[in-house]
Structures are given as C-alpha cells and as structure tokens.
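**Student:**
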Amino acid sequence: RVRAADLEDALLVLPFTHVLSLMAYIDHWACREWNTALTCRVLFFMLKTHQNQIVATRTMRAQLSSIRTHLRAGVRVQRDYVGYNLAALQSLRADWEANATAEFFDEKDIQGILDAQLKKRKFTGLKA
52 RVRAADLEDA LLVLPFTHVL SLMAYIDHWA CREWNTALTC RVLFFMLKTH QNQIVATRTM
112 RAQLSSIRTH LRAGVRVQRD YVGYNLAALQ SLRADWEANA TAEFFDEKDI QGILDAQLKK
172 RKFTGLKA
C-alpha cells in the first residue's frame with residue numbers, strides 16, 4: 052500500500068520528459084491489469100499535474116486512448132469482482148439473520164411455559 056502523500060511527492064519531482072515514458076509504462080500496466088487501483092492513482096495524478104503539457108503533445112493522443120481502453124476493461128473486471136463479493140456477503144447476511152432471529156410465538160403459550168417452570172417458594176422461619 053502506497054500512501055497518497057508519498058506517491059504525490061515522488062511523482063511531483065518527475066520531469067515532463069520522464070512523464071512521457073511513464074505513460075508508456077502505465078499503458079503496459081493497464082494492459083496487463085497489474086494493480087489497477089495504483090495505476091489509476093498514478094495516471095490521475097500525472098494528468099492533473101501535467102495536463103497542459105500532455106494536451107499540447109500530439110503524440111500522447113493515441114497513447115491516452117490506449118490507456119483509456121485498457122483501464123476501462125481493468126476497472127470493469129474489478130467492479131464485477133467487487134459486485135460478486137458484495138452479493139455473496141448479502142446472501143450470507145440474509146442466511147445469518149434467518150438463523151439468528153427467533154420466531155414469534157403466541158404469548159399465551161409462552162406464559163404457560165413460564166408459569167410451569169416457576170415454582171412457588173415456601174418461606175419457612177428458622178427456629179433456634
């Protein structure tokens with residue numbers, strides 16, 4: 052896990068000439084779906100920081116298009132994975148609630164059972 056502050060500090064000192072090669076690596080990572088969350092974080096920070104230079108560079112258009120298609124596919128896989136896990140957790144919760152909750156009974160029957168269980172105590176005095 053990479054802290055956001057550390058990631059931003061490392062990417063902020065990167066010169067723009069290296070940003071172009073980093074975009075090629077981001078495209079490679081997105082294509083192979085390696086750590087999609089971290090790849091998106093790096094890409095979004097780089098786009099936010101160097102937006103003017105990236106827009107002015109015509110050669111980046113094809114690469115950004117490729118990154119977009121690969122990241123969309125990777126994020127879709129992650130979304131489906133999380134959705135599947137969420138559905139499984141909801142199913143487990145429903146099963147647990149069905150087994151953990153008591154069923155409702157008639158109050159007269161319950162009171163009859165409680166009265167039968169209670170025995171009247173007889174107090175006797177101690178004689179010395």
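Numbered as in the numbering used here, the sequence shown ends at 179 without a single skipped number. Glycine residues also receive a C-beta, built at the ideal position from the N, C-alpha and C atoms.
#1: What did DSSP end up calling T68 once you bin it into helix, strand or coil?
#2: Say whether the stretch 130 to 150 touches the stretch 95 to 109, bearing in mind that this needs 3 or more beta-carbon pairs closer than 8 Å, one atom from each stretch.
#3: Check for me: the alpha helix (DSSP H) holding H101 runs from which residue to which?
#4: Cα separation between Q129 and L115?
#5: Does the beta-carbon of T87 have 16 or more other beta-carbons within 10 angstroms, so that it is buried, or is it exposed?
**Tutor:** Quick answer:
#1: Helix, per DSSP.
#2: no
#3: It is not in any alpha helix (DSSP H) - H101 carries neither H nor E in the DSSP assignment.
#4: 21 Å
#5: buried
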